[in-house]
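Notes to accompany the following structure.
Residue numbers (this note's numbering): 57 to 320.
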């Protein structure tokens with residue numbers, strides 16, 4: 057399977073080169089209005105919905121480094137959607153002209169309900185307003201699935217506290233609970249070798265948490281949380297030959313999440 061993943065990544069390389077030629081995702085410090093959305097340089101609009109599975113990256117307002125929601129865009133989702141297209145029967149959107157990888161959408165946008173899976177990166181800076189809280193609540197209760205990623209580095213514990221505080225607004229009765237390695241979400245398509253999914257900055261072993269329907273781990277996972285982990289970063293740089301082994305496991309983990317979400 058490692059060989060298969062590397063072969064698929066090789067086919068993604070030409071598009072990655074084109075990203076570099078037009079400036080890449082491009083994020084740095086943003087000192088604009090904190091009530092507005094920062095948009096990365098590579099953003100060329102959203103593709104019109106046509107029924108295909110499309111990667112949905114959640115944007116949020118604020119300032120700082122990026123802002124964090126845009127980290128790894130659009131290389132991460134472009135590479136990941138190529139993997140999904142090659143090894144599953146899902147035929148996702150990958151690229152159309154300047155639009156690459158997927159769409160960027162806000163939690164209070166009614167269009168969110170067209171996307172069964174959404175991805176939220178670096179939630180330490182996520183401070184949703186009332187409409188966004190309501191939008192995410194409705195999305196999750198109607199069957200949506202949220203991947204929360206990029207909880208690594210020195211601020212990861214503080215970021216987790218911040219995220220849990222915001223989730224209490226979204227689902228006041230919900231609890232963030234450990235997601236054991238034996239949970240079906242980790243066996244939806246691939247077997248995951250968790251010992252290979254170490255955090256490359258710290259060498260620590262990641263943990264996984266979930267928000268479950270009725271706070272029951274035997275029921276549907278509504279939110280999956282990668283703690284001490286940044287699979288988007290592995291996806292983004294996988295074609296450069298860095299951290300090959302954990303990158304392969306990060307792809308397997310992402311595929312499992314999508315297959316689980318689309319079948320539950």
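Backbone N, C-alpha and C fix where the C-beta goes; we use that ideal spot for every residue, glycine too.
**Request:** Taking only the alpha-carbon atoms, compute the straight-line gap between residue 284 and residue 214 and give it to the nearest angstrom.
**Result:** In the chain shown, the residue the question calls residue 284 occupies position 228. In the chain shown, the residue the question calls residue 214 occupies position 158. Between residue 284 and residue 214, the C-alpha separation is close to 12 Å.
**Request:** Could you tell me the distance, in whole angstroms, from the CA atom of residue 138 to the CA atom of residue 150?
**Result:** By 1-based counting over the chain shown, the position of residue 138 is 82. By 1-based counting over the chain shown, the position of residue 150 is 94. Spanning the two alpha carbons is a distance of roughly 7 Å.
**Prompt:** Taking the Cβ atom as the reference point for each residue, do residue 189 and residue 226 lie within a distance shorter than 8 Å?
**Reply:** Working through the chain shown from its first residue, we reach residue 189 at position 133. Working through the chain shown from its first residue, we reach residue 226 at position 170. Yes, the Cβ-Cβ distance between residue 189 and residue 226 is below 8 Å.
**Strand pairing of residue 177, partner residues [DSSP]** = As a working note, residue 177 is residue 121 in the chain shown. DSSP lists 205 as partners of residue 177.
**Message:** Determine whether the beta carbon atoms of residue 205 and residue 171 lie at a separation below 8 Å.
**Reply:** Counted from its first residue, the chain shown places residue 205 at position 149. Counted from its first residue, the chain shown places residue 171 at position 115. In this structure, the beta-carbon distance from residue 205 to residue 171 does not fall below 8 Å.
**Request:** Pull up the distance between the alpha-carbon of residue 244 and that of residue 90, whole angstroms please.
**Result:** Within the chain shown, the letter at position 188 stands for residue 244. Within the chain shown, the letter at position 34 stands for residue 90. Each residue's alpha carbon lies about 39 Å from the other.
**Asked** Is residue 152 helix, strand or coil by DSSP?
**Response** Within the chain shown, numbered from 1, the residue matching residue 152 stands at position 96. The answer is strand: DSSP assigns residue 152 an E or B state.
**Item:** Member of 254, 133, 241 whose CA lies at the smallest distance from the CA of residue 201
**Value:** Stepping through the chain shown from its first residue, residue 201 is reached at position 145. Ranking the options by Cα distance to residue 201, first place goes to 241.
**Message:** On the CB-based measure, 16 or more other CB atoms within 10 Å of its CB, does residue 305 come out buried or exposed?
**Reply:** If you number the chain shown from 1, residue 305 lands on position 249. Buried is the call here.
**Outcome for residue 133 when other beta-carbon atoms lying within 10 angstroms are tallied against a minimum of 16** = One-based indexing of the chain shown puts residue 133 at position 77. It counts as buried.
**Prompt:** Can you list, in chain order, the stretches of the beta strand (DSSP E) that have 3 or more residues and sit fully within the region 179-250?
**Reply:** 201-207, 232-234
**Request:** Could you please give me the residues that DSSP links to residue 266 through a beta bridge?
**Result:** Against the chain shown, residue 266 aligns to sequence position 210. Paired residues: 233, 280.
**Prompt:** If you draw a straight line from the C-alpha of residue 107 to the C-alpha of residue 95, how long is it?
**Reply:** Numbered from its first residue, the chain shown carries residue 107 at position 51. Numbered from its first residue, the chain shown carries residue 95 at position 39. Between residue 107 and residue 95, the C-alpha separation is close to 25 Å.
**Prompt:** Do you know how far the Cα of residue 252 is from the Cα of residue 298?
**Reply:** Working through the chain shown from its first residue, we reach residue 298 at position 242. Working through the chain shown from its first residue, we reach residue 252 at position 196. Straight-line Cα distance between these residues: approximately 14 Å.
**Request:** Taking the CB atoms as reference points, tell me whether residue 191 and residue 118 lie closer together than 8 Å.
**Result:** Mapped onto the chain shown, residue 191 falls at position 135. Mapped onto the chain shown, residue 118 falls at position 62. Contact: no.
**Message:** Taking the alpha-carbon of residue 247 as reference, which of 140, 307, 296, 216 has the nearest alpha-carbon?
**Reply:** Within the chain shown, numbered from 1, the residue matching residue 247 stands at position 191. Ranking 140, 307, 296, 216 by Cα distance to residue 247 puts 307 first.
**Asked** What is the rounded straight-line gap between the Cα of residue 236 and the Cα of residue 264?
**Response** The sequence position of residue 236 within the chain shown is 180, counting from 1. The sequence position of residue 264 within the chain shown is 208, counting from 1. Roughly 7 Å between the two C-alpha positions.
**Residue ranges of each alpha helix (DSSP H) within the region 283-312, 4 or longer** = Listed in chain order, they are 287-293.
**Item:** Cα-Cα separation, residue 262 to residue 179
**Value:** Here residue 262 refers to the residue found at position 206 of the chain shown. Here residue 179 refers to the residue found at position 123 of the chain shown. Approximately 16 Å, taken between the alpha carbons.
**residue 271 (DSSP reduced to helix, strand or coil)** = The residue labelled residue 271 in the question sits at position 215 within the chain shown. Helix, per DSSP.
**Request:** Helix, strand or coil for residue 113, going by three-state DSSP, please let me know.
**Result:** Position 57 of the chain shown, counting from 1, holds the residue named residue 113. Looking at residue 113 - three-state DSSP - the assignment turns out to be strand.
**Asked** Ends of the beta strand (DSSP E) at residue 162?
**Response** Working through the chain shown from its first residue, we reach residue 162 at position 106. Start and end: 158-162.
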